[in-house]
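J.:
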Amino acid sequence: MRNELMIFMVMVIVQVAFAGMIIITKLVMDSGMDPFVQSAYKPIFATISIAPFAYFLERKTRPKMTRSILFQIFLCSIFGITANQYAYFIGLNNSTPTIASAIDNLIPAFTFIIAVPLGVEKMGLRSIAGQAKFWGTIVCVGGAMLLSLYHGKVVIGQLGFHWKYEENTGKDVNSSHSNFFLGPFLLIMASLTYAIWLIIQGRVSEKYAAPYTCITLMCLMASVESVIIGFCVVPKLSEWALNPIRAISVVYNGVVSTSFAYFLSSWCIEKKGPLYVSMFNPLLLVISAFLSWTLLREKLYLGVVVGSIIVVVGLYGFLWGKKIETNAEDIEVNKEKMKQFMNKSVDLELQLPKSNDHHLESKQISSELTKTKS
Numbered sequence: 106m107r108n109e110l111m112i113f114m115v116m117v118i119v120q121v122a123f124a125g126m127i128i129i130t131k132l133v134m135d136s137g138m139d140p141f142v143q144s145a146y147k148p149i150f151a152t153i154s155i156a157p158f159a160y161f162l163e164r165k166t167r168p169k170m171t172r173s174i175l176f177q178i179f180l181c182s183i184f185g186i187t188a189n190q191y192a193y194f195i196g197l198n199n200s201t202p203t204i205a206s207a208i209d210n211l212i213p214a215f216t217f218i219i220a221v222p223l224g225v226e227k228m229g230l231r232s233i234a235g236q237a238k239f240w241g242t243i244v245c246v247g248g249a250m251l252l253s254l255y256h257g258k259v260v261i262g263q264l265g266f267h268w269k270y271e272e273n274t275g276k277d278v279n280s281s282h283s284n285f286f287l288g289p290f291l292l293i294m295a296s297l298t299y300a301i302w303l304i305i306q307g308r309v310s311e312k313y314a315a316p317y318t319c320i321t322l323m324c325l326m327a328s329v330e331s332v333i334i335g336f337c338v339v340p341k342l343s344e345w346a347l348n349p350i351r352a353i354s355v356v357y358n359g360v361v362s363t364s365f366a367y368f369l370s371s372w373c374i375e376k377k378g379p380l381y382v383s384m385f386n387p388l389l390l391v392i393s394a395f396l397s398w399t400l401l402r403e404k405l406y407l408g409v410v411v412g413s414i415i416v417v418v419g420l421y422g423f424l425w426g427k428k429i430e431t432n433a434e435d436i437e438v439n440k441e442k443m444k445q446f447m448n449k450s451v452d453l454e455l456q457l458p459k460s461n462d463h464h465l466e467s468k469q470i471s472s473e474l475t476k477t478k479s
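FYI, my numbering numbers position 167 of the sequence shown as 272, with every residue one higher than the one before it.
1. Quick check on this structure: which residue in Glu-437, Ile-118, Leu-401 has the alpha carbon closest to the alpha carbon of Thr-203?
2. Can you give the Cα-Cα distance for Ile-392 and Ala-366, rounded to whole angstroms?
3. The beta strand (DSSP E) that contains Val-260, what's its start and end?
4. What is the DSSP secondary structure of Ile-388, reduced to helix, strand or coil?
5. Following the continuous alpha helix (DSSP H) through Pro-157, name the residue where it begins and the one where it ends.
6. If we count Cβ pairs, one from each stretch, closer than 8 Å, do we get three or more for the segment 187 to 198 versus the segment 350 to 357?
7. Counting C-beta neighbours from all protein chains within 10 Å, is the total for Gly-275 16 or more, i.e. buried, or is it exposed?
8. Per DSSP, what kind of secondary structure is Leu-303 in: helix, strand or coil?
9. Spatial neighbours of Val-418 within its chain, please: CB distance less than 7 Å, with the 5 preceding and 5 following residues excluded, ordered by chain position.
10. My output table needs one value for Leu-230: the three-state DSSP class, helix, strand or coil.
11. Using the beta-carbon count (16 or more within 10 Å), is Thr-171 buried or exposed?
12. So, for Ala-314: in the same chain, excluding its five sequence neighbours on each side, which residues have a beta-carbon less than 7 Å away from its beta-carbon?
13. What's the gap between the Cα of Phe-141 and the Cα of Ile-208?
14. What does Leu-396 pair with, by DSSP beta-bridge criteria?
15. Excluding five sequence neighbours on each side, which residues of the same chain lie with their C-beta closer than 7 Å to the C-beta of Leu-251?
16. Let's see if you can read the secondary structure: which residues bound the alpha helix (DSSP H) around Thr-203?
17. Nearest CA to the CA of Ile-304: which residue from Phe-113, Val-225, Ala-122?
18. Which partner residues of Tyr-406 appear in the DSSP bridge assignment?
19. With 16 other CB atoms within 10 Å as the buried threshold, where does Thr-298 fall?
20. Taking 8 Å as the threshold (C-beta atoms), are Ser-328 and Pro-148 in contact?
21. Between which two residues does the alpha helix (DSSP H) containing Arg-107 stretch?
22. Leaving aside the five residues before and after Ile-155 along the sequence, list all residues of the same chain whose C-beta is less than 7 Å from its C-beta, in chain order.
23. Per DSSP, what kind of secondary structure is Pro-340 in: helix, strand or coil?
24. Using the three-state DSSP reduction, which class does Leu-420 fall into: helix, strand or coil?
25. In the DSSP assignment, find the alpha helix (DSSP H) that holds Leu-347 and state where it starts and stops.
26. Only counting the same chain, and skipping five residues up and downstream in sequence, which positions put a Cβ closer than 6 Å to that of Ser-144?
27. Taking 8 Å as the threshold (C-beta atoms), are Val-117 and Ser-370 in contact?
28. Leaving out five residues before and five after Ile-233 in sequence, what residues of the same chain have Cβ atoms less than 8 Å from its Cβ?
29. Roughly how many whole angstroms lie between the Cα atoms of Ala-159 and Phe-184?
30. Does the Cβ of Cys-181 have 16 or more other Cβ atoms within 10 Å, making it buried, or fewer, making it exposed?
31. Thinking C-beta only, is Val-246 closer than 8 Å to Ala-295?
So this is what it looks like as structure tokens:
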């Protein structure tokens, strides 16, 4: 019971860490920090913070690196970090933290859509699990389209209390709704690139059992890629200067929301499995919405609220189908193991009588020989 509570609390901490990343990133970009500069700094600090884990924990168990694995890690750095964070940060700059955290729930659906034609996942529409995954995916995408295309009236207005620093930025978070289509569209692209990364990373993990080394190389490559792209887009060195709040943002994004959150999430996956970890994604939406409403004076619109609810319902429908499928696979594996065990038992039983008969036969022969001698 105590262990279960600890895992639960760790996952809550992970979601709070992600929500903090969204809020502080939105804040510094509203204060003038370019998304390309933010994207360049993040993998640098992530590399610095996770490299010691790779060195000390995997230096004796690290497998041999091949060109094929190195190329796949390079693809992971492009899709999972560089392209993903550019789409995410620019989308967040043109949207709100609530929309960003809602669209994050599309990642399992996009992963399923990509994995089916590659043969990693099965559609299985004849089964209840397959239908749940299919319709859950459709509902998720539909909810994302709704919150992207429909604004609606204000459901919850601005809170009277707000963060003093946010007031000094001179920008209202709700003004980003002037580009209401571009922001959600780029956030959807960020979820898509992350789903592609999950597929590639899954294959890398099968061939290269050194996760910390893998993520270190990935972040190192992304650092080089992001710095080159960043300086091409933002060549002025003054734009790269870090004041206290910007320094806190880039260090937090690299150390806390990347290395620390990755470490805790990996521990929870090891203890409870990936499905359990995925169940906490909607919590990020709740925390982000509350923090952005209280700290950034965000208004909640009808389209965002309804679309977010639809996305979460679709996510849980998909995860429910995935759980049924996983349970069915476990039952089949157990049946196969039991069948193999029974076959071995039968073979053993068939062998034992033969050995007993041979023993009796030898005893009869020896007794006959004794009679003959006498």
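Beta carbons: idealized from backbone N, C-alpha and C, even for Gly. Note that the structure is a prediction, hence the values are computed from the model and not measured.
T.: In brief:
1. Leu-401
2. 16 Å
3. 259 to 261
4. Ile is not the amino acid found at residue 388; the sequence shown has Leu there. Three-state DSSP puts Leu-388 in a helix.
5. 140 to 163
6. no
7. Because Gly-275 carries a pLDDT of 49, less than 50, the predicted location of this residue cannot be relied on, and the following value inherits that uncertainty. Per the 10 Å Cβ criterion, exposed.
8. helix
9. Val-244
10. coil
11. exposed
12. Pro-168
13. 21 Å
14. None; Leu-396 has no bridge partner.
15. Gly-408, Val-411, Gly-412, Ile-415
16. 202 to 208
17. Val-225
18. Val-259
19. buried
20. yes
21. 107 to 135
22. Tyr-317, Ile-320, Thr-321, Cys-324, Ser-364
23. coil
24. helix
25. Leu-347 -> no alpha helix (DSSP H), and no H or E assigned at all.
26. Gln-190, Tyr-191, Phe-194, Ser-331
27. no
28. Gly-426, Ile-429
29. 22 Å
30. buried
31. no
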